[in-house]
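What follows is a short report on a single structure.
Number of protein chains: 2
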Amino acid sequence: MKATFMYGAGDVRIETVPDPIIQEPTDAIVRTVRACICGSDLHPYHSLPASGIGTPMGHELIGVVEEVGSQVTAVAKGDFVIAPFAFSDNTCVFCREGLNTACIHGGWYGTPETGGLQAELARIPQANGSLVRVAGVDPDTADESLLASLLTLSDVYLTGYHAAHMAQLKPGQTVAVIGDGAVGLSAVLAAKQLGAERIILMGRHQDRTSLGVQFGATDVVAERGAEGIQRVLDLTNGEGAHAVLEAVGHLPAYEQAYGIVRPGGIISRVGVPQYEEAPIGFGSLFGKNARLAGGPAPVRAYLEPAIEQVLDGTINPGKVFDRTVTLDEVPAGYAAMNTREALKVMVKLA
Amino acid sequence: MKATFMYGAGDVRIETVPDPIIQEPTDAIVRTVRACICGSDLHPYHSLPASGIGTPMGHELIGVVEEVGSQVTAVAKGDFVIAPFAFSDNTCVFCREGLNTACIHGGWYGTPETGGLQAELARIPQANGSLVRVAGVDPDTADESLLASLLTLSDVYLTGYHAAHMAQLKPGQTVAVIGDGAVGLSAVLAAKQLGAERIILMGRHQDRTSLGVQFGATDVVAERGAEGIQRVLDLTNGEGAHAVLEAVGHLPAYEQAYGIVRPGGIISRVGVPQYEEAPIGFGSLFGKNARLAGGPAPVRAYLEPAIEQVLDGTINPGKVFDRTVTLDEVPAGYAAMNTREALKVMVKLA
Chain A
1 MKATFMYGAG DVRIETVPDP IIQEPTDAIV RTVRACICGS DLHPYHSLPA
51 SGIGTPMGHE LIGVVEEVGS QVTAVAKGDF VIAPFAFSDN TCVFCREGLN
101 TACIHGGWYG TPETGGLQAE LARIPQANGS LVRVAGVDPD TADESLLASL
151 LTLSDVYLTG YHAAHMAQLK PGQTVAVIGD GAVGLSAVLA AKQLGAERII
201 LMGRHQDRTS LGVQFGATDV VAERGAEGIQ RVLDLTNGEG AHAVLEAVGH
251 LPAYEQAYGI VRPGGIISRV GVPQYEEAPI GFGSLFGKNA RLAGGPAPVR
301 AYLEPAIEQV LDGTINPGKV FDRTVTLDEV PAGYAAMNTR EALKVMVKLA
Chain B
1 MKATFMYGAG DVRIETVPDP IIQEPTDAIV RTVRACICGS DLHPYHSLPA
51 SGIGTPMGHE LIGVVEEVGS QVTAVAKGDF VIAPFAFSDN TCVFCREGLN
101 TACIHGGWYG TPETGGLQAE LARIPQANGS LVRVAGVDPD TADESLLASL
151 LTLSDVYLTG YHAAHMAQLK PGQTVAVIGD GAVGLSAVLA AKQLGAERII
201 LMGRHQDRTS LGVQFGATDV VAERGAEGIQ RVLDLTNGEG AHAVLEAVGH
251 LPAYEQAYGI VRPGGIISRV GVPQYEEAPI GFGSLFGKNA RLAGGPAPVR
301 AYLEPAIEQV LDGTINPGKV FDRTVTLDEV PAGYAAMNTR EALKVMVKLA
């Protein structure tokens with residue numbers, strides 16, 4: 001099969017490798033229908049040291065089950081499924097609490113063992129927990145916009161949803177979303193779903209913030225840093241936002257977050273932090289009792305109700321996709337996301 | 001009157017200064033019955049640069065109202081009152097949300113404007129919000145242990161309570177408390193009140209941890225650092241604690257906290273951070289969706305029910321006091337707390 005590998009910053013290649021096979025009785029093999037490129041894939045695209053060994057790429061897909069191991073009962077050959085970006089058994093103590101990204105039998109794609117999902121075929125570990133069937137949809141005949149929205153449930157929309165969920169939003173509150181990438185826009189849509197009254201989107205790319213307004217943003221702040229902080233304070237009677245959803249992952253976005261969070265409010269991060277140390281002392285979080293939450297989204301825990309919302313048209317998160325490429329064109333897809341020509345790139349398998 | 005001033009690290013002096021007077025119609029003057037020395041007073045005791053101008057000290061007292069300004073209606077001359085360690089109007093938007101330490105008309109004691117509370121008399125700003133009457137108690141005849149417990153409601157017990165409250169404890173959960181100082185022991189007592197099933201107290205002073213066990217600790221871990229982390233993991237099936245109440249304020253205590261917090265759990269800090277930057281990236285908080293909460297305790301918001309609990313004997317937080325000094329002996333009280341000869345020192349006014 002063909003699959004995507006990264007050999008260093010900016011060096012993405014499509015290669016032909018052996019088809020994955022069932023290794024454990026809990027595995028399934030899925031034939032990819034749609035995959036996509038994640039904002040987090042751009043972090044290694046900027047910084048991965050050059051290597052003679054390629055890193056398998058991709059962690060989002062919808063597809064059709066080709067084969068299942070002897071212990072797989074939740075899905076069967078021919079099922080149309082969504083694969084959350086982390087695999088999990090969905091039965092361990094953490095999964096039962098809705099924190100599938102801490103599953104004791106779980107893990108991440110994009111390792112030599114599990115491979116990446118920007119590929120024609122994928123081996124899905126712990127398939128009983130890691131795949132969710134979408135009943136009543138035939139991927140060969142389904143509307144492109146439906147497929148796009150279902151694909152966002154693999155990661156991007158439900159990562160935005162996780163930010164809003166962990167912020168413990170209450171109806172009527174003011175939310176600020178930092179970042180107008182696909183996760184930030186998804187966080188806007190999720191905040192709206194969860195009852196936020198005012199949603200301030202901080203981003204400076206007008207084509208993107210326009211989609212944010214479609215998704216429910218009531219205000220757009222293009223300024224950054226001290227100026228952006230002041231704008232948000234001005235918009236909130238000097239108080240700041242009850243919840244700040246940080247969908248970037250770079251330190252300046254976090255610094256902006258504690259500048260605009262209301263005393264007693266919550267900063268909820270879903271952009272993978274590209275830093276380890278950051279201010280959390282009296283002058284940033286402690287003095288105003290600001291809280292910090294977030295992490296890798298336990299997409300699996302949110303998946304079934306979100307599928308319903310997509311199928312019944314309540315939400316249409318697939319609008320974040322603005323470009324579609326073939327698997328052979330994936331390197332160009334990375335380049336387009338990197339230069340911000342594309343917001344989010346879908347990969348359509350043949 | 002006599003009052004306490006600090007002129008630099010280790011240099012605490014009792015001086016005679018003019019009696020405070022009503023400056024604003026919202027002020028009250030209170031005659032101190034009992035004050036005390038706070039663990040947070042030891043931070044400047046270690047590090048305050050020497051100066052020719054003394055810093056007024058103290059932020060905890062119970063006392064009797066001597067005089068009130070023309071707009072003060074909540075208390076009257078002769079009332080026996082508790083003063084929370086931060087003053088607040090208790091009516092602003094943040095006070096109404098229970099975050100009195102963010103009061104837009106509030107502030108801290110120990111500044112040249114407001115003075116300190118380790119003094120014979122104190123000017124209390126925003127007295128309608130900042131003082132709470134304790135009905136039915138005559139401080140001249142009340143039991144010493146009752147006065148001690150009421151005094152803890154000015155800060156130390158309700159600071160421990162804030163840690164437990166912000167950790168959103170659910171009955172049956174496992175809590176780890178870092179620090180066997182008076183706040184840590186108070187956090188144990190509060191966690192027990194809030195239904196924690198297992199309370200692991202991390203501290204190495206056996207006389208203190210013994211009181212912690214009286215307050216409800218089920219396990220004591222004397223080890224620190226990597227060894228202490230491993231002990232807590234061993235005690236929790238490798239999972240860590242649902243809530244970690246950090247009652248120290250130094251960076252190693254925070255590092256211990258993220259080492260022992262369970263995936264999805266909460267670190268709640270009430271020790272005033274003696275650091276600004278600390279790890280919060282993938283390897284500390286983000287990867288396991290650990291949350292961070294805490295800050296200066298809005299004691300005022302918790303005060304009335306806590307007074308009831310002290311009066312009816314449900315809680316006896318005053319046991320944290322193990323030494324009583326006169327105002328003139330306050331410098332010796334600081335020294336005794338600094339060398340850990342005393343856990344917490346009460347100041348008994350003549």
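Going down the list, the protein sequences come from chains A and B.
In case it helps, full-length UniProt numbering puts the first sequence at residues 1 to 350.
In case it helps, full-length UniProt numbering puts the second sequence at residues 1 to 350.
Ideal placement from N, C-alpha and C gives every residue a C-beta, glycine not left out.
- request: State the DSSP-derived secondary structure class of Lys-77(B), mapped to helix, strand or coil.
  value: Lys-77(B): coil per DSSP, three-state reduction.
Worksheet item: Given Ala-332(B), which residues of its chain have a CB within under 7 Å of its CB, disregarding the five upstream and five downstream residues?
Response: Val-325
request  = Look up Leu-290(B) in the DSSP assignment and say whether it is helix, strand or coil.
outcome  = Reading off the sequence, residue 290(B) comes out as Ala, not Leu. DSSP places Ala-290(B) in coil when its eight states are reduced to three.
Legend entry - Limits of the beta strand (DSSP E) - the one that Ile-260(A) falls within: Taken as a continuous stretch (DSSP letters only), Ile-260(A) belongs to no beta strand (DSSP E), being part of the alpha helix (DSSP H) at 251-260.
Inset, instruction - Give a yes or no on whether the minimum CB-CB distance between Ile-280(A) and chain B is below 9 Å. - result: So yes, Ile-280(A) belongs to the interface.
What three-state label does DSSP hand Glu-66(B) in the structure shown? strand
Using only CA atoms, which one of Ala-163(B), Tyr-161(B), Met-6(B) lies nearest to Asp-41(B)? Met-6(B)
Quiz item: When DSSP labels each residue in this structure, what does Gln-204(B) get in the three-state scheme?
Solution: Reading the sequence as shown, one finds Arg at residue 204(B) and not Gln. Three-state result, Arg-204(B): coil.
_Partner residues on chain B for Leu-99(A), Cβ-Cβ distance less than 8 Å_ = Pro-263, Gly-264, Asn-289
Q.
When you compare the CB of Ala-241(A) with every CB in chain B, is at least one pair closer than 9 Å?
A. no
* Asked: Between Leu-343(B) and chain A, is there a C-beta pair that is closer than 9 Å?
  -> The beta carbon of Leu-343(B) sits no closer than 9 Å to any beta carbon of chain A.
Check your understanding: Listing by chain order, which chain B residues have their CB less than 8 Å from the CB of Leu-285(A)?
Key -> What Leu-285(A) touches in chain B: Leu-292, Gly-295.
By a C-beta neighbour count over all protein chains shown, 10 Å radius and 16 as the cutoff for buried, is Ser-130(A) buried or exposed?
Burial call: buried.
Give me the Cβ distance between Phe-286(A) and Gly-295(B), rounded to the nearest whole Å; I'm assuming they're in contact under 8 Å.
5 Å
- Query: What's the call for Asn-291(A), buried or exposed, on a 16-neighbour Cβ count within 10 Å?
  - Reply: According to the sequence displayed, residue 291(A) carries Arg and not Asn. The residue is buried, with at least 16 neighbouring Cβ atoms inside 10 Å.
Are residue 365(B) and Val-221(B) touching if we call contact CB-CB under 9 Å? With chain B covering only 1 through 350, there is no way to say anything about residue 365(B).
(request) Would you kindly check if the distance between the Cβ of Pro-125(B) and the Cβ of Gly-63(B) is under 9 Å? (result) In this structure, Pro-125(B) does not lie closer than 9 Å to Gly-63(B) by Cβ.
Original post:
For Glu-197(A), which option in Gly-203(A), Arg-96(A), Ala-253(A), Val-175(A) has the closest C-alpha, if you only look at C-alpha atoms?
Top reply: Val-175(A)
- Taking Cβ positions only, does Phe-94(A) come closer than 9 Å to chain C? Among the protein chains of the structure shown, namely A and B, there is no chain C.
Would you say Tyr-157(A) reaches chain B, if we count a Cβ-Cβ gap shorter than 9 Å as a contact? no
Point to revise | Buried versus exposed, by CB contacts within 10 Å (16 or more), Ala-350(A) | key: exposed
Which residues of chain A have a Cβ atom closer than 8 Å to the Cβ of Gly-273(B), listed in chain order?
-> Looking at the sequence provided, one finds Pro at residue 273(B) rather than Gly. By Cβ distance, chain A contributes Ile-280, Gly-281, Phe-282, Phe-286.
>> Quick check on DSSP: helix, strand or coil for Leu-150(A)?
In response: Shown here, Leu-150(A) sits in a helix according to DSSP, grouped into three states.
Find out if the Cβ-Cβ distance for the pair Pro-273(A), Asn-289(A) is shorter than 9 Å.
-> Not closer than 9 Å, so no.
Residues that Arg-269(A) contacts on chain B, provided the C-beta gap is smaller than 7 Å | Within 7 Å of the CB of Arg-269(A), the CB atoms of chain B belong to Phe-286, in sequence order along the chain.
task = May I ask whether a heavy atom of the ligand COA can be found less than 8 Å away from the beta carbon of Pro-252(A)?
result = With respect to small molecules bound, the structure shown includes none, and the ligand COA cannot be examined in it.
Assumed close pair Ala-247(A), Ala-187(A) - CB separation to whole angstroms, cut-off 8 Å: Rounded, the Cβ-Cβ distance is 5 Å, consistent with contact.
- Task: Name, in chain order, the residues that DSSP records as bridge partners for Ser-88(A).
- Result: Answer is none; Ser-88(A) lacks a bridge partner.
Checklist entry - By DSSP, does Cys-36(B) sit in helix, in strand, or in coil? => result strand
Considering just the uninterrupted stretch of the beta strand (DSSP E) at Met-166(A), what are its terminal residues? Not the beta strand (DSSP E): Met-166(A) falls in the alpha helix (DSSP H), residues 156-166.
Requested in this report: Provide the residue(s) that pair with Asp-219(B) in DSSP beta bridges, ordered along the chain.
Outcome: Ile-200(B)
Decide yes or no for the touch test of the stretch 72-87 of chain A against the stretch 152-170 of chain A: beta carbon pairs closer than 8 Å, at least 3 of them.
-> yes
For Ala-102(A), return the contacting residues in chain B, with the cut-off set at a CB-CB distance below 8 Å.
Pro-263, Gly-264, Lys-288, Asn-289
| query | Which one of Ala-74(A), Ile-29(A), Asp-11(A), Asp-143(A) has the shortest CA to CA distance from Gly-313(A)? | reply | Comparing alpha-carbon positions, the option among Ala-74(A), Ile-29(A), Asp-11(A), Asp-143(A) lying closest to Gly-313(A) turns out to be Asp-143(A).
Practice task
Note down the Cα distance separating Ile-307(A) from Gln-193(A), rounded to an integer number of angstroms.
Solution key: 14 Å
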